[in-house]
Amino acid sequence: MFESITMKFLTQPKVVAAVDIFRALQSAATSLKNNLMIFAAVAAVASIVLGGIFFFFGRKGAENGKTHVGYVLLGVGVILAAGSIVFSMFSMFGQTPQGL
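494 is the number of the first residue of the sequence shown in the numbering used here; add one for each residue after it.
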């Protein structure tokens with residue numbers, strides 16, 4: 494009797510976890526990427542406005558403003574280039590990126 498119960502328990506198919514962890518991680522990463530891109534755009538606009546405000550504070554402020562806006566534009570360029578850099582790294586090693 495005990496043997497038939499254990500054999501029935503061991504041979505029945507069971508669903509331990511019905512969650513595809515990789516799909517959940519991919520959707521979380523995509524959501525994080527979208528949220529970070531929105532934050533980066535807002536931060537870039539705010540930083541450019543701040544750099545423009547520096548121009549109101551004389552010659553030294555204008556120089557600081559130019560430097561600040563230059564760094565902001567450099568950062569925006571890095572952010573925009575990150576997608577193509579990742580894509581080229583994937584293709585360099587013979588892979589196709591999913592979800593880019």
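Yeah, the Cβ is synthetic: ideal placement off N, Cα and C, and Gly gets one too.
Predicted model, so just to flag it, every value in this text is computed and none were measured.
{"query": "Beta-carbon proximity list for V562, same chain, < 7 angstroms, skipping 5 on both sides", "result": "I541 and G544"}
{"query": "Residue range of the alpha helix (DSSP H) that includes F515", "result": "I514 to F547"}
{"query": "Alpha-carbon to alpha-carbon, L525 and R516", "result": "14 angstroms"}
{"query": "Identity of the residue in A537, I578 and A555 nearest V569 by Cα", "result": "A537"}
{"query": "Cβ neighbour criterion (16 or more within 10 Å) applied to G558", "result": "buried"}
{"query": "First and last residue of the uninterrupted alpha helix (DSSP H) at T560", "result": "G551 to M585"}
{"query": "Rounded distance between the beta-carbons of I572 and A533, thought under 8 angstroms", "result": "5 angstroms"}
{"query": "Distance between M582 and Q588 (C-alpha atoms, nearest Å)", "result": "9 angstroms"}
{"query": "Cβ-based neighbour list, G554, same chain, cut-off 8 angstroms, excluding 5 preceding and 5 following", "result": "F547 and F548"}
{"query": "Buried or exposed by the 16-neighbour rule on C-beta atoms within 10 Å, applied to V535", "result": "exposed"}
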